[in-house]
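Everything below concerns the one structure shown next.
Numbering (the UniProt record's numbering), first residue to last: 1 to 75.
Pasting the structure below:
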């Protein structure tokens with residue numbers, strides 16, 4: 001009943017695969033990663049609003065031009 005052994009970790013991974021399926025596991029991993037990062041930032045006193053604002057790259061504007069079309073009368 002000591003530390004986690006490789007066998008314990010293997011059983012946990014197999015159980016997670018059976019419960020959530022292989023398609024859902026990457027999404028769960030990202031969610032846990034975000035959760036731990038937010039927790040770490042909160043314990044350090046950092047928050048997303050404390051970060052300096054980043055410059056947003058401006059996109060070039062599109063211009064529309066129309067060439068004159070000469071119409072001939074229908075006969």
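Ideal Cβ placement from N, Cα and C applies to all residues, glycine included. Values in this document were obtained by computation on a predicted structure and should not be read as measured data.
Kindly indicate the opening and closing residues of the alpha helix (DSSP H) around residue i.
i: residue 15; result: 6-20
i: residue 29; result: 25-44
If residue i and residue j are in contact, beta carbons under 8 Å, what's the gap, nearest whole angstrom?
i: residue 76; j: residue 20; result: In this structure the chain extends from 1 to 75, so residue 76 is not present and cannot be described.
i: residue 17; j: residue 4; result: No, residue 17 and residue 4 are not in contact; Cβ-Cβ is about 18 Å, not under 8 Å.
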